[in-house]
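Residue numbers (this note's numbering): 566 to 684.
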């Protein structure tokens, strides 16, 4: 999976937070108002994210509407798996990770593993 740059991540955060469906480039541009971005910059980044597979787009008149191709949770899980691939010892990395999580997080992991075993 390809990573996200800072601006790409900001735009994905906006789209992941959107509860009412897909957004146009203009709507994304308004929501990223903390930056002074040209509309063409927003469109270029949205196009790049579509080509990378992070977004799906559909035609809405003359505009495109963009929505995430996957959830933020799926993206983060993929990053975590890629990080595991970087180590020569996945077992040691997983053990260290398990030791570093909080009690409630460890319980979430336990439940998830139990559910997987029950399937």
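Don't be surprised by glycine CBs; every beta carbon is placed ideally from N, CA and C.
Item	Value
Which first and last residues belong to the beta strand (DSSP E) in which residue 620 is found?	620–625
Measure from the alpha carbon of residue 627 to the alpha carbon of each residue in 661, 633, 589, then state which is nearest.	589
If you run the structure through DSSP and keep just helix, strand and coil, what is residue 602?	coil
If you count every other CB in all the chains shown that lies within 10 Å of the CB of residue 594, and 16 or more means buried, which is it?	buried
Considering just the uninterrupted stretch of the beta strand (DSSP E) at residue 628, what are its terminal residues?	628–633
Going by beta-carbon coordinates alone, are residue 610 and residue 579 separated by less than 9 Å?	no
In terms of residue numbering, what span does the alpha helix (DSSP H) encompassing residue 667 cover?	Segment: none, residue 667 is in no alpha helix (DSSP H) and carries neither H nor E.
How should residue 620 be labelled, buried or exposed, when 16 other C-beta atoms within 10 angstroms of its C-beta is the threshold for buried?	buried
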